[in-house]
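Residues 1 to 883, numbered by full-length UniProt numbering, are exactly what the sequence shown covers, in order.
Just so you know, even glycine gets a beta-carbon here, dropped at the ideal spot from N, CA and C.
Read through the structure below, which is laid out as structure tokens, and then see the notes.
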Amino acid sequence: MATEEYLNKFIAGGKRYAELPDRFKLTVTEEDWRRRVKDYCIERGFSWAVTVANTVCNEQDYYEELIRHFRYQKRLFPYHLGEYVCRQLRMSPFKYYTNILYDSMKEDQPYDSIPNFTAADIVRILGIGRNEYIATMVQAKSKKLMWRMNKGIVKDLLPQAPLPPQIDPWWVVHVVNLTEGEYRQLDPAGKHWPLRCTCLASLLVYSDLNGSAVRQLYARGLVWLEVPVRPEDHLSIPPLEGFVSNKTTAAAAADPLETLLYQIFVAASDRVTVAKLADILNVDVPTLRVAISMACRLRFCRKLDGGGEEAAAGGALLSPGGLAGAMDQLDLDAVLRTPDMGTEASPLESAHEAAEGGAAAAGGGGGSEGGTGVAFVVDAEVTGYLMMGALTPNCKKHSVTLFEGGRVYGQDVINELIDELHASVEMSAGFEGEMKSLVDYARSLALVLECIRASAGGRPIELLRKESLASMPPPQAFRILSHSYGAVVPITSLAFPPLPLSLARPTSPASYGPLPAAQTPWLQLALYTALGAGPRCLVLAAGQRLSRLPPQLRGASHALLWPWDAAAVKAQELPVVVEAGTLLYALNEYLARTALLVQPLRLPPASAAAGSSSSRPQLSEAAPITTIDVPLPLTLLPGGEGAEPGSRQGAAAGPAAPAAADSWNPFENGGGSSGNGASSGSGVSSGSNSQPARAVGYLPSGDAQEVVLPPGLPAALQQLGLGGALGFLRLLAEAPEGTAAGTADEDAVGGAAGGASASEQQQQQAAGGQQGEQRWLPLALWLGMPMQPCQLCRAVCNAALDRGFLERAALRSQREGQAALAAALAAQAAAHGACSTAFAGGGRDDDLGSYVDRPVQNLELVGGRLVPADLGGAAEGAPLLLA
Numbered sequence: 001m002a003t004e005e006y007l008n009k010f011i012a013g014g015k016r017y018a019e020l021p022d023r024f025k026l027t028v029t030e031e032d033w034r035r036r037v038k039d040y041c042i043e044r045g046f047s048w049a050v051t052v053a054n055t056v057c058n059e060q061d062y063y064e065e066l067i068r069h070f071r072y073q074k075r076l077f078p079y080h081l082g083e084y085v086c087r088q089l090r091m092s093p094f095k096y097y098t099n100i101l102y103d104s105m106k107e108d109q110p111y112d113s114i115p116n117f118t119a120a121d122i123v124r125i126l127g128i129g130r131n132e133y134i135a136t137m138v139q140a141k142s143k144k145l146m147w148r149m150n151k152g153i154v155k156d157l158l159p160q161a162p163l164p165p166q167i168d169p170w171w172v173v174h175v176v177n178l179t180e181g182e183y184r185q186l187d188p189a190g191k192h193w194p195l196r197c198t199c200l201a202s203l204l205v206y207s208d209l210n211g212s213a214v215r216q217l218y219a220r221g222l223v224w225l226e227v228p229v230r231p232e233d234h235l236s237i238p239p240l241e242g243f244v245s246n247k248t249t250a251a252a253a254a255d256p257l258e259t260l261l262y263q264i265f266v267a268a269s270d271r272v273t274v275a276k277l278a279d280i281l282n283v284d285v286p287t288l289r290v291a292i293s294m295a296c297r298l299r300f301c302r303k304l305d306g307g308g309e310e311a312a313a314g315g316a317l318l319s320p321g322g323l324a325g326a327m328d329q330l331d332l333d334a335v336l337r338t339p340d341m342g343t344e345a346s347p348l349e350s351a352h353e354a355a356e357g358g359a360a361a362a363g364g365g366g367g368s369e370g371g372t373g374v375a376f377v378v379d380a381e382v383t384g385y386l387m388m389g390a391l392t393p394n395c396k397k398h399s400v401t402l403f404e405g406g407r408v409y410g411q412d413v414i415n416e417l418i419d420e421l422h423a424s425v426e427m428s429a430g431f432e433g434e435m436k437s438l439v440d441y442a443r444s445l446a447l448v449l450e451c452i453r454a455s456a457g458g459r460p461i462e463l464l465r466k467e468s469l470a471s472m473p474p475p476q477a478f479r480i481l482s483h484s485y486g487a488v489v490p491i492t493s494l495a496f497p498p499l500p501l502s503l504a505r506p507t508s509p510a511s512y513g514p515l516p517a518a519q520t521p522w523l524q525l526a527l528y529t530a531l532g533a534g535p536r537c538l539v540l541a542a543g544q545r546l547s548r549l550p551p552q553l554r555g556a557s558h559a560l561l562w563p564w565d566a567a568a569v570k571a572q573e574l575p576v577v578v579e580a581g582t583l584l585y586a587l588n589e590y591l592a593r594t595a596l597l598v599q600p601l602r603l604p605p606a607s608a609a610a611g612s613s614s615s616r617p618q619l620s621e622a623a624p625i626t627t628i629d630v631p632l633p634l635t636l637l638p639g640g641e642g643a644e645p646g647s648r649q650g651a652a653a654g655p656a657a658p659a660a661a662d663s664w665n666p667f668e669n670g671g672g673s674s675g676n677g678a679s680s681g682s683g684v685s686s687g688s689n690s691q692p693a694r695a696v697g698y699l700p701s702g703d704a705q706e707v708v709l710p711p712g713l714p715a716a717l718q719q720l721g722l723g724g725a726l727g728f729l730r731l732l733a734e735a736p737e738g739t740a741a742g743t744a745d746e747d748a749v750g751g752a753a754g755g756a757s758a759s760e761q762q763q764q765q766a767a768g769g770q771q772g773e774q775r776w777l778p779l780a781l782w783l784g785m786p787m788q789p790c791q792l793c794r795a796v797c798n799a800a801l802d803r804g805f806l807e808r809a810a811l812r813s814q815r816e817g818q819a820a821l822a823a824a825l826a827a828q829a830a831a832h833g834a835c836s837t838a839f840a841g842g843g844r845d846d847d848l849g850s851y852v853d854r855p856v857q858n859l860e861l862v863g864g865r866l867v868p869a870d871l872g873g874a875a876e877g878a879p880l881l882l883a
């Protein structure tokens with residue numbers, strides 16, 4: 001509600017009830033206001049002393065309620081509030097986590113109910129992980145109580161003292177408020193520095209103290225440790241070790257500190273300071289320092305350039321309570337802000353700037369330069385395959401880091417990962433079945449990383465999981481990508497939407513992945529129109545209902561469905577193959593949610609192709625669809641079209657001639673219905689003597705096969721700006737004449753009665769090489785780096801290396817190619833689509849959104865051009881203006 005948002009802004013701004021506008025006083029009573037203020041500050045872990053909470057309740061009640069709330073939500077111990085929680089309330093992390101475990105076991109809750117970072121801190125302090133938790137639960141269940149929990153002995157089974165802490169030399173040691181009895185119990189050697197720390201109010205660094213004495217006092221809960229972090233510090237994220245992978249609970253998802261920790265895993269590097277990282281993540285520096293301090297405490301993050309001497313010379317930071325005071329000023333709510341709210345200063349920002357003396361300004365601020373690293377972006381599916389297929393312990397470690405942290409980076413780490421991947425592949429030489437496919441992903445990942453390393457020229461290489469950016473607002477994700485990377489290489493199977501990059505921004509890295517519109521059927525239609533021919537296509541706008549199959553689909557045994565919004569129809573794999581018997585039902589189901597590109601096919605009976613091994617996954621048990629993948633950048637074999645640098649690219653005869661009336665040709669004639677064989681797409685006579693272009697393609701099994709490319713394909717790719725693109729072109733094998741079951745209507749096919757003329761036979765030779773050779777039709781384009789089969793991945797890597805795809809000139813050419821592709825797709829959508837960017841809202845970051853125009857009229861491919869389609873009265877209702 002709008003009222004709730006305004007009230008939260010008033011609380012964040014430090015307003016009291018008397019300062020509220022009159023209209024809000026009519027909505028909220030003063031007692032309700034006090035409750036709201038207290039709950040708001042407790043939920044975000046604010047300090048009582050520096051927020052408006054000190055006007056609605058006393059300090060002790062506030063912190064006791066905060067501890068109860070954190071304990072109920074199983075959140076991380078509030079180390080940043082240690083000045084009161086540890087010193088005054090005498091609540092230690094050991095006691096706090098013991099209570100959390102007691103609550104969980106008493107209620108017989110599973111170990112997965114504990115959030116990830118809380119579980120990791122419990123392992124660090126109490127030494128209780130998943131196995132220990134289950135063993136303790138089993139011991140606490142009594143046979144006399146019918147194996148129910150014996151709540152009376154749960155606490156007795158938990159550890160009675162914390163584990164010895166692992167303390168870095170630059171950590172700061174604080175003493176709690178000792179009672180006279182506790183002080184008298186200290187041995188003479190242990191009384192000196194606590195007394196000096198308490199009486200002189202001086203700050204003590206661990207490296208200056210007796211380590212064994214500190215550990216003894218820590219075990220008794222008489223000291224608490226502070227992990228200081230400065231705005232000018234640099235960070236490093238090592239491979240995650242000791243991370244606990246539990247299910248993400250609702251409480252953990254609502255914890256802004258845990259959310260920020262995951263964002264640090266993705267964005268932090270040794271090349272940026274803490275202040276600069278805060279600018280990239282769009283959070284205030286005090287909040288980020290709290291999160292980084294927690295990450296360093298858990299050993300998930302390392303602080304660079306900061307030894308004990310540097311930490312002791314931190315000025316205001318190491319003054320009595322300096323970091324604690326700065327941490328009191330945190331604004332964890334900033335992590336959950338929307339992009340529009342991100343520029344609003346935290347309620348404690350001015351106090352922080354005064355304490356730091358402008359240190360954040362010196363180290364922060366975004367520059368106009370982009371990053372220089374190279375990111376290889378994978379998805380959760382590849383990450384999961386890697387985790388299951390990794391055989392060596394070190395490879396498993398990096399897989400967990402990628403899965404949980406979202407990123408693997410560092411030259412030594414990447415080199416080690418490549419070696420471990422190769423070792424895993426060697427160990428799995430005898431594997432078969434599903435395990436072999438898992439290891440194939442490890443082999444492909446090693447190939448790609450080696451390819452990027454060979455072409456990167458010493459630039460940093462990082463392995464990035466796309467889902468780690470998905471929870472961030474697009475502007476924040478763009479800042480991370482643009483600051484860290486100069487080139488982004490995603491895999492081909494990344495789901496929509498693509499990475500939030502913009503061609504209009506000079507700092508945006510060069511991307512070898514698809515544009516938003518290129519992940520829709522617009523890319524296929526653009527290829528067909530640039531080629532001047534393509535498979536039979538029917539575009540159906542969303543919102544219609546078909547009473548019968550349109551005439552364009554009659555005579556087909558199957559159809560390929562390409563939805564504009566695959567997520568809306570829950571399509572797991574594209575294209576969706578549908579039999580003719582269920583085609584009408586499938587079309588109506590899909591059209592209720594999204595627009596469709598429909599490609600009818602006439603496949604031979606299943607028995608005729610039972611021996612084929614090149615089938616893609618089907619939704620039916622009919623004959624397989626034979627396809628082959630040609631790697632991009634396109635590498636032509638010698639002697640064909642475009643093979644010589646001086647030859648005319650794309651100069652070839654028109655597409656295959658129309659078939660006889662007793663056959664069904666799925667190839668749309670590029671020259672229209674005329675019988676002269678001229679191709680309107682290329683403008684070159686069919687009598688040209690140029691040989692058809694040939695390339696090596698790869699079947700789904702990984703077997704290589706030489707194929708004859710459709711005429712004019714190299715020129716069409718250049719025209720679309722895809723000359724240097726990474727990916728693959730999928731070709732569809734045309735069914736041989738005479739194998740089609742049944743007869744298609746003459747008008748639907750566009751063919752002429754009778755046998756093929758001499759001119760048509762010449763066209764067939766130009767399109768398919770010699771008589772009887774298999775002809776292939778362009779089906780679809782996938783941009784990015786393919787992972788399977790491994791042979792296709794290797795071919796794409798080799799072609800990319802031959803062209804130096806990460807060199808400066810190649811990256812500049814790729815940017816230009818992406819701009820040309822964007823212009824071609826935009827022009828096509830403008831001619832046949834509705835402007836869905838009306839949903840964008842007119843914001844300055846709309847260029848980072850995934851807005852794709854959708855067709856608003858029915859279209860078909862005729863003569864290599866998209867024209868309005870006449871469905872012959874089969875459609876009921878009007879297409880949606882904005883599908």
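Inset, instruction - Return yes when the Cβ of D379 is within less than 8 angstroms of the Cβ of I491, no when it is not. - result: yes
Legend entry - Euclidean distance between Cα positions of Q476 and A875: 44 angstroms
Inset, instruction - Would you grab the beta carbon distance between P514 and L825 for me? Rounded to a whole angstrom, and I think it's under 8 angstroms. - result: Incorrect: roughly 10 angstroms between the Cβ atoms, too far for contact.
Inset, instruction - With DSSP collapsed to three states, give me the class of M105. - result: helix
Inset, instruction - Could you tell me whether the segment 35–48 touches the segment 57–68, where touching means 3 or more Cβ pairs closer than 8 angstroms? - result: yes
Legend entry - the segment 697–713 touching the segment 576–596, judged by at least three CB pairs closer than 8 angstroms: no
Inset, instruction - For G697, write down the residues that DSSP places opposite it in a beta bridge. - result: Q705
Legend entry - Under 8 angstroms between C-beta atoms of M387 and V400: yes
Inset, instruction - Can you grab the Cα-Cα spacing for the pair V173 / R87, in whole Å? - result: 12 angstroms
Legend entry - Length at least 4, wholly inside the segment 497–526: the alpha helix (DSSP H) runs in chain order: none
Legend entry - Residue range of the unbroken alpha helix (DSSP H) whose run includes G373: Premise fails: G373 lies in the beta strand (DSSP E), G373 to V378, not in any alpha helix (DSSP H).
Inset, instruction - Apply the 10 Å Cβ neighbour rule to N131 and answer buried if 16 or more other Cβ atoms are within range, or exposed otherwise. - result: exposed
Inset, instruction - Spell out the partners DSSP gives K466 in its beta bridges. - result: Answer is none; K466 lacks a bridge partner.
Inset, instruction - Assign L634 to buried or exposed, taking buried as 16 or more other Cβ atoms, counted over all protein chains shown, within 10 Å of its Cβ. - result: buried
Inset, instruction - Within its chain, find whatever has a CB closer than 8 angstroms to the CB of P509; leave out the 5 residues flanking it on each side and keep chain order. - result: G370, G371, A375, L481, S482, Y485, G486, A487, V488 and L501
Legend entry - Start and end residues, alpha helix (DSSP H) containing S444: G433 to A456
Inset, instruction - Spatial neighbours of A429 within its chain, please: CB distance less than 8 angstroms, with the 5 preceding and 5 following residues excluded, ordered by chain position. - result: none
Inset, instruction - Decide if Y72 is buried, meaning its Cβ has at least 16 other Cβ atoms within 10 Å, or exposed. - result: exposed
Legend entry - Validate contact between the segment 161–171 and the segment 132–139 using beta carbons, cut 8 angstroms, 3 pairs: no
Inset, instruction - Going by CA-CA distance only, name the one from E258, L538, R230 and A49 that's closest to S471. - result: E258
Legend entry - Same chain, Cβ closer than 7 angstroms to A559, five either side skipped, listed in chain order: L553, V578, L583, V598, Q599, P600 and L601
Inset, instruction - Since I believe F117 is in contact with L277 (beta carbons under 8 angstroms), could you give me their beta-carbon distance rounded to a whole number of angstroms? - result: No, L277 and F117 are not in contact; Cβ-Cβ is about 19 angstroms, not under 8 angstroms.
Legend entry - Boundaries (first-last residue) of the alpha helix (DSSP H) holding T627: No alpha helix (DSSP H) holds T627; the beta strand (DSSP E) holding it covers T627 to L632.
Inset, instruction - With DSSP as the reference, label residue 891 as helix, strand or coil. - result: Since the displayed the chain opens at 1 and closes at 883, residue 891 lies outside it and no answer follows.
Inset, instruction - Check whether the Cβ atoms of L449 and I418 lie closer than 8 angstroms to each other. - result: yes
Inset, instruction - Note down, in chain order, each residue of its chain lying with its Cβ closer than 6 angstroms to the Cβ of P339, except the 5 sequence neighbours on either side. - result: Legend: pLDDT at P339 = 38, less than 50; position of this residue unreliable, value from coordinates given subsequently. The residues are P473 and P475.
Inset, instruction - Kindly identify the DSSP beta-bridge partner or partners of H558. - result: E579 and L601
Legend entry - Reduced DSSP secondary structure (H/G/I, E/B, other) of Y84: helix
Inset, instruction - Inspect the beta-carbon positions of K466 and L438 and report whether they are closer than 8 angstroms. - result: no
Inset, instruction - Can you tell me the Cβ-Cβ gap for L777 and P535, rounded? I've got them flagged as a contact below 8 angstroms. - result: 5 angstroms
Inset, instruction - Give every residue of the same chain whose Cβ lies closer than 8 angstroms to the Cβ of G384, excluding the five residues on either side of it in the sequence, and list them in chain order. - result: F403
Inset, instruction - Keeping to the same chain, check which residues put their C-beta closer than 6 angstroms to that of A819; ignore five residues upstream and five downstream. - result: L503
Inset, instruction - Return helix, strand or coil for F243, following the three-state DSSP convention. - result: coil
Inset, instruction - Look at the alpha carbon of I100 and the alpha carbon of V285, and state the distance between them as a whole number of angstroms. - result: 30 angstroms
Inset, instruction - On the DSSP bridge assignment, give the partners of K25 in chain order. - result: According to DSSP, which records beta bridges pairwise, K25 is partnered with nothing at all.
Inset, instruction - Determine the DSSP secondary structure at Q762, reduced to helix, strand or coil. - result: In this predicted model, Q762 has a pLDDT of only 38, less than 50, meaning its place in the structure is not dependable enough to derive any value.
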